[in-house]
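Notes to accompany the following structure.
Numbering (our numbering), first residue to last: 100 to 237.
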């Protein structure tokens, strides 16, 4: 969608209408990138985990209904295929958007918060010149 006005209104009850990020938060909701952190809640002051960031990045790139396939083998020691966001984390790795957080064994640290530096890396790697067919195939 088009960039939302920064002074917009939102359906989330914990986001002040007209606040600095309200329009962008509402655009993420209407675009299906996020449904928030609870019924009608966005939790604007909460931090984002690396696992959550994987979902945000790929849904923003590929669309609200995007759900990548799981590979046959588990890449990260700390992300079993039973993890709720394993398919997004695995796809981020397959696309070269993440290399993990530690080696010996390779780990993703899904519950750790994303630093601003890590976020910049994820976004820059996700949006250089990748065509939608490369980024969004299952």
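Ideal Cβ positions, reconstructed from N, Cα and C, are used throughout, including at glycine.
Predicted model, so just to flag it, every value in this text is computed and none were measured.
CB-CB length for residue i against residue j, believed under 8 Å
{"i": "residue 124", "j": "residue 114", "result": "5 Å"}
{"i": "residue 206", "j": "residue 176", "result": "5 Å"}
Buried versus exposed call for residue i [16 or more other C-beta atoms within 10 Å across all chains shown]
{"i": "residue 139", "result": "exposed"}
{"i": "residue 158", "result": "buried"}
{"i": "residue 121", "result": "buried"}
{"i": "residue 204", "result": "exposed"}
{"i": "residue 185", "result": "buried"}
{"i": "residue 109", "result": "buried"}
{"i": "residue 135", "result": "buried"}
Heavy atom of the ligand NAD within 7 Å of residue i beta-carbon
{"i": "residue 222", "result": "The ligand content of the structure shown is nil, which means the ligand NAD is not present either."}
Endpoints, the alpha helix (DSSP H) within which residue i is located
{"i": "residue 223", "result": "215 to 225"}
{"i": "residue 122", "result": "121 to 129"}
{"i": "residue 141", "result": "Premise fails: residue 141 is in no alpha helix (DSSP H) and is neither H nor E."}
{"i": "residue 208", "result": "Taken as a continuous stretch (DSSP letters only), residue 208 belongs to no alpha helix (DSSP H), as it is neither H nor E."}
{"i": "residue 156", "result": "149 to 161"}
Distance CB(residue i)-CB(residue j) smaller than 8 Å
{"i": "residue 222", "j": "residue 156", "result": "yes"}
{"i": "residue 226", "j": "residue 160", "result": "yes"}
{"i": "residue 153", "j": "residue 127", "result": "no"}
{"i": "residue 170", "j": "residue 188", "result": "no"}
Identity of the residue in the options nearest residue i by Cα
{"i": "residue 119", "options": "143, 135, 235", "result": "143"}
{"i": "residue 198", "options": "111, 168, 220, 112", "result": "220"}
{"i": "residue 183", "options": "216, 167, 131, 224", "result": "167"}
{"i": "residue 131", "options": "165, 117, 112", "result": "165"}
{"i": "residue 196", "options": "133, 224, 111", "result": "224"}
{"i": "residue 235", "options": "215, 133, 218, 193", "result": "193"}
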